[in-house]
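Visitor:
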Amino acid sequence: MGEDKRMLRINKIPIFILRILIGIIFIIPGWQDITNPKFSADSFLTKVAYGPFQSFYAGMAGNPAVSLLVAWGLFLIGLCLLLGLLVKTASSLGIVMMLLFYLARFPPKHNLIEEHIVYAAVLFALIVFEAGKFIGIDKYLAKTKIVEKNKWFRLLL
């Protein structure tokens with residue numbers, strides 16, 4: 000029985016490492032965008048996006064809320080992943096963001112499976128394996144009275 004518990008703990012280490020790595024991948028560009036007063040998503044939306052959804056993305060250009068959502072979304076998702084805080088929620092929002100980034104340049108010019116799809120797959124794994132409950136704040140939040148009284152709150156952790 001002791002060996003089974005140890006194995007389960009060992010299996011969580013790679014998921015923890017993935018959570019930290021993907022958190023860094025999100026938080027660094029988010030912080031760079033937040034601290035850059037000239038950051039705007041407009042050039043990406045108007046010049047880089049192509050394909051069948053180009054008009055959708057071009058329609059968002061010029062809206063400062065889009066740039067704020069991109070910068071702060073990246074940063075806060077990364078921060079939550081690094082802390083192990085609301086990992087299922089952060090990962091779900093990260094998947095949506097990565098799919099939106101992927102569809103902005105669809106179909107990809109070089110490879111159908113590019114980095115945004117890989118990031119989305121890693122985020123999905125973090126949800127499935129409840130990555131925030133291993134060396135993360137979610138482990139402690141799950142034991143609070145508010146979570147125990149409101150079982151739906153566990154869906155966020």
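For the sequence shown, position 22 (counting from the first letter as 1) is numbered 21 according to numbering that gives the first Met the number 0, and the numbering increases by one without interruption. Virtual Cβ for every residue (Gly too), placed ideally from N, Cα, C.
Go to Trp71, then tell me how far its alpha helix (DSSP H) extends in each direction, as first and last residue.
Guide: Along the sequence shown, one-based indexing puts residue 71 at 72. Residue range 63-82 is occupied by the alpha helix (DSSP H) that includes Trp71.
Visitor: Restricting to Cα atoms, I'd like to know which of His109, Leu68, Tyr118 is closest to Gly22.
Guide: Against the sequence shown, residue 22 aligns to sequence position 23. Looking at the Cα atoms, Tyr118 is the closest of the given residues.
Visitor: On a CA-only basis, which of Gln31, Val95, Gly50, Ile16 is nearest Lys108? Give me that one, please.
Guide: Taking the first residue of the sequence shown as 1, we reach residue 108 at position 109. Out of Gln31, Val95, Gly50, Ile16, Gly50 has the C-alpha closest to the C-alpha of Lys108.
Visitor: Taking Gly29 and Ala64 to be in contact with their CB atoms under 8 Å, please state how far apart those CB atoms are, rounded to whole angstroms.
Guide: Here the question's residue 29 lines up with position 30 in the sequence shown. Here the question's residue 64 lines up with position 65 in the sequence shown. The pair is not a contact, with the Cβ atoms about 16 Å apart (cut-off 8 Å).
Visitor: Taking buried to mean at least 16 other C-beta atoms within 10 Å of its own C-beta, is Leu125 buried or exposed?
Guide: Along the sequence shown, one-based indexing puts residue 125 at 126. So Leu125 counts as buried.
Visitor: List the residues that DSSP assigns as beta-bridge partners of Tyr49.
Guide: Counting from 1 along the sequence shown, the entry for residue 49 is found at position 50. DSSP, once it has assigned bridges, lists Arg104 as partnering Tyr49.
Visitor: Specify, as a first and last residue, the run of the alpha helix (DSSP H) that Phe128 falls within.
Guide: For the purposes of this step, residue 128 is identified with residue 129 of the sequence shown, where counting begins at 1. Annotation for Phe128: no alpha helix (DSSP H) segment contains it, and DSSP assigns it neither H nor E.
Visitor: I'd like the list of long-range same chain contacts for Ile145, defined as Cβ closer than 8 Å, with 5 residues on each side in sequence excluded.
Guide: The residue you call residue 145 lines up with position 146 of the sequence shown. Phe152, listed in sequence order.
Visitor: Starting from Leu156 and walking both ways along the alpha helix (DSSP H), at which residues does that stretch end?
Guide: Against the sequence shown, residue 156 aligns to sequence position 157. Unbroken run through Leu156: none, as it is neither H nor E.
Visitor: Would you mind stating whether Ile94 and Phe123 have Cβ atoms separated by less than 9 Å?
Guide: Counting from one through the sequence shown, the residue named residue 94 turns up at place 95. Counting from one through the sequence shown, the residue named residue 123 turns up at place 124. Contact flag set, yes.
Visitor: Give every residue of the same chain whose Cβ lies closer than 8 Å to the Cβ of Met0, excluding the five residues on either side of it in the sequence, and list them in chain order.
Guide: Translated into the one-based positions of the sequence shown, residue 0 becomes position 1. Here Met0 scores only 46 on pLDDT, less than 50, and its place in the model should not be relied on; the value that follows carries that caveat. Nothing listed; no residue qualifies.
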